[in-house]
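> The C-terminal position of the sequence shown is numbered 1371 in this note's numbering, with every residue numbered one higher than the one before it.
By construction, the Cβ of each residue, glycine as well, lies at the ideal position given by its N, Cα and C atoms.
Shown below is the structure under consideration.
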Amino acid sequence: RWLFYAYDRLRKTVVAHVFGERTMATLGRLMSLLSPFDVVIWMTDGWPLYESRLKGKLHVISKRYTQRIERHNLNLRQHLARLGRKSLSFSKSVELHD
């Protein structure tokens, strides 16, 4: 299971999140949660599904703009051991992750 989430760089907070497989359907669920917000610029890594889903929008692919969210990922893995795959606390139960 993957954690997809949107991070507001200015407010330094998570705006929306979705757990699921790494598929277009899960990405679509996250995008539907973000539809009420007026997202102007999308900054992502180079995962190909982002490009196909964000066609026609201002989409920046760069490690420079994903450093803060990667740091947030590290903090999540350190503080929530269930999210780290190689830990004794990792749980395969879907209910414990959601």
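1. What separation, rounded to the nearest whole angstrom, lies between the Cα atoms of Asp-1323 and Gln-1340?
2. Is DSSP giving Thr-1296 helix, strand or coil here?
3. How close, in whole Å, do the beta carbons of Thr-1299 and Val-1291 come, if the pair is a contact with beta carbons under 8 Å?
4. May I ask which residues mark the beginning and end of the beta strand (DSSP E) holding Tyr-1278?
5. Hey, Arg-1295 and Trp-1275: beta-carbon distance below 8 Å or not?
6. In chain order, which beta strand (DSSP E) runs of at least 3 residues are fully inside the region 1310–1339?
7. Check whether the Cβ atoms of Met-1304 and Arg-1326 lie closer than 8 Å to each other.
Looking at the atomic coordinates:
1. A quick correction: the sequence has Tyr, not Asp, at residue 1323. Cα-Cα distance, rounded: 17 Å.
2. In this structure, Thr-1296 counts as coil in the three-state DSSP scheme.
3. About 6 Å separates the two Cβ atoms, so the contact holds.
4. Looking at the DSSP string, the run of the beta strand (DSSP E) that includes Tyr-1278 is 1275–1281.
5. In this structure, Arg-1295 lies near Trp-1275, with their beta-carbon atoms less than 8 Å apart.
6. Qualifying beta strand (DSSP E) stretches, in chain order: 1314–1317, 1331–1334.
7. In this structure, Met-1304 lies near Arg-1326, with their beta-carbon atoms less than 8 Å apart.
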